[in-house]
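Here is the structure we will look at, set down as structure tokens.
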Amino acid sequence: MVVARLARELRAAAGRQWSTTPGRLRFMGTGCALLGAGLLILLVVAATGASGTWDAIEHRNAPRTVAATELDLALNDLDAQTANILLSSGDSGTGKGRLDRSYTEARGRYTSAQETISRSLRTLGAASEGDKGTEDAVVALTDEFAHYQEFVGRALENDGHPGGKDAARADYRSATDLLAHVMLPGAGRLVDANDTVYQADYRAAHSDVNIQLAAEIVLGGLLVAALVWLQIQLARRFGRVLNPGLLAATLCALVAVASGAQLLTTTSHQLTVARHDSFDSVVALSRSKALGYDLNADESRYLLDPDHRTEYATGFLEKSRRLYGVAGDDVDAYGTQLEVTWAAYRNDSTDKKFTGEYRRELDNLTFPGEREAAEKTVDAFVVYQRDDREFRGLVARNKIREATEFCVGWAPDTSNAHFGAWMQALDEVTAINSRHHARAIASGRTALADLAPTAGAGLVLMVGLVACGLRPRLAEYR
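Here's what the structure looks like:
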């Protein structure tokens, strides 16, 4: 009863206010101020959320995912360089027949890969605090990496003893099995887990921004409409065409609404560029680079461990198909289909009779220069695959020394030189996408810094100008 009576009294008071001109003016002025305050609160919430989102992308989500992809790549590289060390070291204990440049290069790259793995594990460990699943995965990988290095250490030690090559092969095989069956799947899960977190955060932030944009347009439209209506009421009641204060307030409101809409539109667009247009490609290309190092390692393993050549040849073919998927029951048939389908694509870029990581990249070309760089990468992949068939032909003819020099040497027109050209081309595509990822973050932050203060200042001025515009008219009724 009390509530009902209070409601009746409020309605009656509002009716009395509305029945007088000063009351209507105060009511409409208060309504404009409340709409402006609501819009200001909305923009403050949106700007705060956008700032937090850009911080999370730049300092947590992207670095964690990149660290996981670098770990995956470095593990493959480490194993490839171990095989190359054992291949190029010459006779056990004597060093006779050593390929000096290949041996030195492999040693240097092995050390670099070790450092990258250690750094990535530290980065992932620090970033995963509070996430027990990721913490446990990092701890497990750290332990497995130590175990892997024990096998490799024994392999390299045995390789330095006379007659130790067979023992070195056995230890290296144990290391490779640990890598293939335990460590690489674990590293892949870390990539997926961190990338999934980034994707989930992106979806939530993008959804929030789009909702805020719709709300901003509605509130902004109501505010401008209320100011125009108030201007019309003053013109009718007081016989003046325009109220200067309200005209200035309306202009401030239009600037604020336009700035707020531009801020939210830019944020939504740059989020899409940062995540889907650029970072999706960064992750896919990083994975394909890790596969490339694994492919290269399979060739070295094929030479180093004759008893398991069928296994390594099969692995090479399967990984090749993951990069560029076409039919072919063996490397020769695969190579033929690769060259035929790629030539068809080069003649007509809509003719994509292949699948795999490179198909995904060619379906997601967004930035200037990206198509040329992506096609250059596949061109280099075709050359590398051609080298692989030549390499296997040398092995089949029992030209092991020539095959080894062609596989792990660094002379021009060798497989290793062409592998380096392939990886360099792949790095160029990745760099294009990485640059645009960084630019999207910078553009989002710039929009936030420039447009949020403009919108906020416009709304505050609008409220003050409404009060200034109404005060002389209300004074006439005192």
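For the sequence shown, the numbering used here assigns the number 7 to the initial residue and increments by one for each residue that follows.
Virtual Cβ for every residue (Gly too), placed ideally from N, Cα, C.
These numbers were taken from a predicted model, which means no experiment stands behind them.
- Rounded to the nearest whole angstrom, the CA to CA distance from residue 51 to residue 269 is 13 angstroms.
- Look at residue 331 here: in three-state DSSP terms it is strand.
- A Cβ-Cβ separation of about 4 angstroms places residue 318 in contact with residue 308 under the 8 angstroms criterion.
- By the neighbour-count criterion, in which 16 or more other beta carbons inside 10 Å mark a residue as buried, residue 47 falls on the exposed side.
- Pairing residue 273 with residue 45 gives a Cβ-Cβ distance that is not under 9 angstroms.
- By the CB criterion at 9 angstroms, residue 409 and residue 397 fall inside the cutoff.
- Under the three-state reduction of DSSP, residue 420 is assigned to coil, being neither helix nor strand.
- Beta-bridge partners of residue 361 (DSSP): 331.
- Counting every other CB atom within 10 Å of its CB across the protein chains shown gives residue 187 a total below 16, marking it as exposed.
- Rounded to the nearest angstrom, the gap between the Cα atoms of residue 352 and residue 287 is 21 angstroms.
- Here residue 368 is near residue 380, since their CB atoms are less than 9 angstroms apart.
- The segment 92-108 makes no contact with the segment 215-234; the number of CB pairs closer than 8 angstroms stays below 3.
- Of the residues assessed, residue 430 falls on the exposed side of the cut-off, its CB having fewer than 16 other CB atoms within 10 angstroms.
- Rounded to whole angstroms, the separation of the alpha carbons of residue 266 and residue 207 is 22 angstroms.
- Its chain contains 288 and 292 as the residues whose beta carbon lies nearer than 8 angstroms to that of residue 72, once the 5 sequence neighbours on both sides are disregarded; these appear in chain order.
- Take residue 383, set aside five residues on each side of it, and the residues of its chain with a beta-carbon closer than 6 angstroms to its own are 431, 432 and 435, in chain order.
- For residue 108, the number of other beta carbons within 10 angstroms of its own is at least 16, and it is reported as buried.
- Inter-residue distance for residue 377 and residue 83 is about 27 angstroms (C-alpha atoms, whole angstroms).
- By the Cβ criterion, the segment 55-75 is in contact with the segment 127-137, since at least three pairs of Cβ atoms, one from each stretch, lie closer than 8 angstroms.
- Closest in alpha carbon position to residue 145, among 236, 261, 192 and 180, is 192.
- Remark: fewer than three beta-carbon pairs, one from each stretch, lie closer than 8 angstroms, so the segment 59-70 and the segment 109-118 are not flagged as touching.
- Within the same chain, 332, 359 and 360 come within 6 angstroms of residue 347 by CB-CB distance, once the 5 residues on both sides are set aside.
- Of the residues 326, 313, 281 and 354, the one whose Cα lies closest to the Cα of residue 444 is 281.
- For residue 378, the uninterrupted alpha helix (DSSP H) run begins and ends at 376-402, by DSSP.
- Only exposed fits residue 235, as fewer than 16 other CB atoms lie within 10 angstroms of its CB.
- For residue 164, the enclosing alpha helix (DSSP H) stretches over residues 138-165.
- Shortest Cα-Cα distance from residue 199 to any of 40, 169, 38 and 133 involves 133.
- Taking C-beta atoms as the reference points, residue 241 and residue 55 fail to come closer than 9 angstroms.
- DSSP places residue 130 inside the alpha helix (DSSP H), whose first and last residues are 106-133.
- Cβ neighbours of residue 334 within its own chain (closer than 6 angstroms, five residues either side excluded): 340 and 343.
- The shortest C-alpha to C-alpha distance from residue 87 to any of 301, 255 and 279 is the one to 301.
- Contact between the segment 390-406 and the segment 455-475 is not established, with fewer than three Cβ pairs separated by less than 8 angstroms.
- C-alpha of residue 182 to C-alpha of residue 158: approximately 9 angstroms in a straight line.
- In the three-state scheme derived from DSSP, where H, G and I count as helix and E and B as strand, residue 95 is classed as coil.
- By a beta-carbon distance limit of 8 angstroms, residue 164 does not contact residue 306. Their separation comes to about 17 angstroms.
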